[in-house]
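Below is one structure, written out as structure tokens; the observations come after it.
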Amino acid sequence: MVVAHPRAGSFVHALGEAAASTLVDAGHDVRLHDLYGEEFDPVLDPSEAITTEPGDAFTSGADPLTARHRRELAEADTVVVAHPNWWGKPPAIMAGWIDRVLVPGVAYQLDSADGLPTCLLRLRRLVVLNTGDTSPEREADVFGDPLAAIWERCVGAYLGDASVDRLLATPVSGSTVEQRAVWLAQARALAAGGRTHAESRASG
Numbered sequence: 001m002v003v004a005h006p007r008a009g010s011f012v013h014a015l016g017e018a019a020a021s022t023l024v025d026a027g028h029d030v031r032l033h034d035l036y037g038e039e040f041d042p043v044l045d046p047s048e049a050i051t052t053e054p055g056d057a058f059t060s061g062a063d064p065l066t067a068r069h070r071r072e073l074a075e076a077d078t079v080v081v082a083h084p085n086w087w088g089k090p091p092a093i094m095a096g097w098i099d100r101v102l103v104p105g106v107a108y109q110l111d112s113a114d115g116l117p118t119c120l121l122r123l124r125r126l127v128v129l130n131t132g133d134t135s136p137e138r139e140a141d142v143f144g145d146p147l148a149a150i151w152e153r154c155v156g157a158y159l160g161d162a163s164v165d166r167l168l169a170t171p172v173s174g175s176t177v178e179q180r181a182v183w184l185a186q187a188r189a190l191a192a193g194g195r196t197h198a199e200s201r202a203s204g
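Heads up: the sequence shown begins at 1 in UniProt numbering, then just goes up one per residue.
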């Protein structure tokens, strides 16, 4: 589980904790990473910017924390990511996690620079928990829900047959205690393998 929000008491953290507790209760060994709390370095080193060259992708150019993230990703059957929608994209620290952890040789393999990716992961599920402050209708109709494009259609395309299920909790600002309880219940349901509303879907 990878969480990205600079405030430890954020609703993003609450969604992540709800999903994590559900997975623990179901018997999963959950590895929780708070990227801001860990001070994860999101900057891709030039030595990591490879696609088809051979090498040890688990350690190539990586500090010990990034190498640990890569090893845990390779061992995971479920990945949960939780972050807010900032300008139609994840926070920079989460984007850097994608750049530095979902790398060739760990997440996928390219036999040629213009070839189709072969997934190297044993991953069965990716669960995405997002918060925002735009109405769902405006997010979809005006902005095209860019986080769906990133996680479901871009990252998801490299995950083989893994399902991609997503919760968009929005707008969070001004939301009631009752509405937040509904979103937390939906996060638990997604972690448990259910799909409870239109913002979650399966791909692959």
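Beta carbons: idealized from backbone N, C-alpha and C, even for Gly. The structure displayed is predicted, hence computed values, not measured ones.
Practice task
Tell me whether glutamate 39 is buried or exposed, calling it buried when 16 or more other Cβ atoms sit within 10 Å of its Cβ.
Solution key: Exposed: under 16 other Cβ atoms inside 10 Å.
Problem - Nearest to arginine 180 (by Cα), restricted to the options Asn85, Val24 and Gly132 - result: Checked all of Asn85, Val24 and Gly132; the closest Cα to arginine 180 is Gly132.
Practice task
Check whether the Cβ atoms of glycine 16 and leucine 32 sit closer than 9 Å, and answer yes or no.
Solution key: Yes, the pair counts as a contact, with Cβ atoms nearer than the cut-off.
Handout entry: Status (buried if at least 16 other CB within 10 Å, exposed otherwise) for threonine 170
Key = Burial is judged here by how many other beta carbons sit within 10 angstroms of a residue's own beta carbon; threonine 170 has at least 16 and is buried.
Practice task
For the UniProt domain "Flavodoxin-like fold" (2 to 138), list the alpha helix (DSSP H) runs that are entirely contained and at least 4 residues long, ordered along the chain.
Solution key: Taking 4 residues as the shortest admissible run, the UniProt domain "Flavodoxin-like fold" (2 to 138) contains the following complete alpha helix (DSSP H) segments, listed from N- to C-terminal end: 11 to 25, 35 to 38, 64 to 75 and 92 to 101.
Handout entry: Nearest to isoleucine 150 (by Cα), restricted to the options Asp161, Arg138 and Arg166
Key = Selected option, being the one with the closest Cα: Arg166.
Handout entry: C-alpha gap between glycine 96 and glutamate 75, whole angstroms
Key = The C-alpha of glycine 96 lies about 20 Å from the C-alpha of glutamate 75.
Exercise for the section: Report the rounded CA-to-CA distance for arginine 153 versus valine 182, giving the unit in angstroms. Expected result: When rounded, the distance between both Cα atoms is 26 Å.
Handout entry: Distance between tryptophan 87 and glycine 9 (C-alpha atoms, nearest Å)
Key = For glycine 9 and tryptophan 87, the distance between alpha carbons rounds to 21 Å.
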